[in-house]
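Those letters in the sequence shown? Residues -18 to -1, 1 to 139, per mature numbering (1 follows the signal peptide of the UniProt record, and there is no 0), in order. Note that the Cβ used here is the ideal one computed from N, Cα and C, for glycine as well. Below: one structure, written as structure tokens.
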Amino acid sequence: MFLFAMGLLLVILQPSTGRFPRVCANTQSLLRKECCPPWDGDGTPCGERSNRGTCQRILLSQAPLGPQFPFSGVDDKEDWPSVFYNRTCRCRGNFMGFNCGECKFGFSGQNCTERRLRTRRNIFQLTISEKDKFLAYLNLAKNIPSKDYVIATGTYA
Ligand SMILES: *[C@@H]1O[C@H](CO)[C@@H](O)[C@H](O)[C@H]1NC(C)=O
Ligand SMILES: *[C@@H]1O[C@H](CO)[C@@H](O)[C@H](O)[C@H]1NC(C)=O
């Protein structure tokens, strides 16, 4: 709840903040408006040769804007991510991620077909050492730059 509230606060305070794949955060990608990075496994964009996904034009929802966009036409997050990219990876089956290199949540294995059970635990029922471990991971997340993502701190302009 606290994290959610923090997230909400950040969104309200910085309407232009967004998360981007690090490999697409460069002038060339932004000018071409394309973010279809190669998957390491076969070197083709979106792992296309391995049938993981393809580079496609993004599809935008036709639904009317909700009240979360009080600054219509100003907020770069409107129709995300079309201000920045109009072609991204569309992944097949259970593949996921900016280059289709990951599995959807709850799946694992070479082809992302193996079910993996994840259990959400109640934080109040963790042991002290489990709680310490959890907090240590939160601190790590706050202090180590992600190798995969960057955060924009300004507008597109
Ligand atoms: C995508 O963006 C590029 C670069 O601005 C532009 O040339 C192209 O026409 C756009 N394509 C679509 C389908 O909007
Ligand atoms: C993954 O898929 C490929 C291609 O369909 C297949 O050759 C391979 O055996 C599969 N691997 C596993 C572990 O299922």
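Backbone secondary structure at residue i - three-state DSSP
| i | result |
| --- | --- |
| S90 | strand |
| C6 | helix |
| Q38 | strand |
| L(-6) | Since pLDDT at L(-6) reaches only 36, below the 50 mark, its modelled position is unreliable, and the value read off the structure follows with that caveat. Helix, per DSSP. |
| Y131 | strand |
| R74 | coil |
| E112 | helix |
| R31 | helix |
| R100 | coil |
Residue j beta carbon less than 9 Å from that of residue i
| i | j | result |
| --- | --- | --- |
| C37 | R69 | yes |
| G23 | S32 | yes |
| R102 | G88 | no |
| C82 | C28 | yes |
| L99 | S64 | no |
Near ligand 2: residue i beta-carbon under 8 Å from a heavy atom
| i | result |
| --- | --- |
| G91 | yes |
| N81 | no |
| T36 | no |
| N125 | no |
Straight-line Cα distance separating residue j from residue i
| i | j | result |
| --- | --- | --- |
| T109 | A123 | 21 Å |
| A139 | K115 | 41 Å |
| R1 | R39 | 19 Å |
| C17 | T135 | 19 Å |
| F51 | Y119 | 33 Å |
| D130 | P20 | 13 Å |
| T95 | G55 | 41 Å |
| T9 | N104 | 44 Å |
| G91 | T26 | 20 Å |
| N93 | E30 | 14 Å |
| R14 | D57 | 21 Å |
| R72 | C85 | 13 Å |
Contact test: residue i Cβ vs ligand 1 heavy atom, cutoff 8 Å
| i | result |
| --- | --- |
| N68 | yes |
Touch test, the stretch 75 to 95 against the stretch 33 to 52, Cβ-Cβ under 8 Å, three pairs minimum: yes
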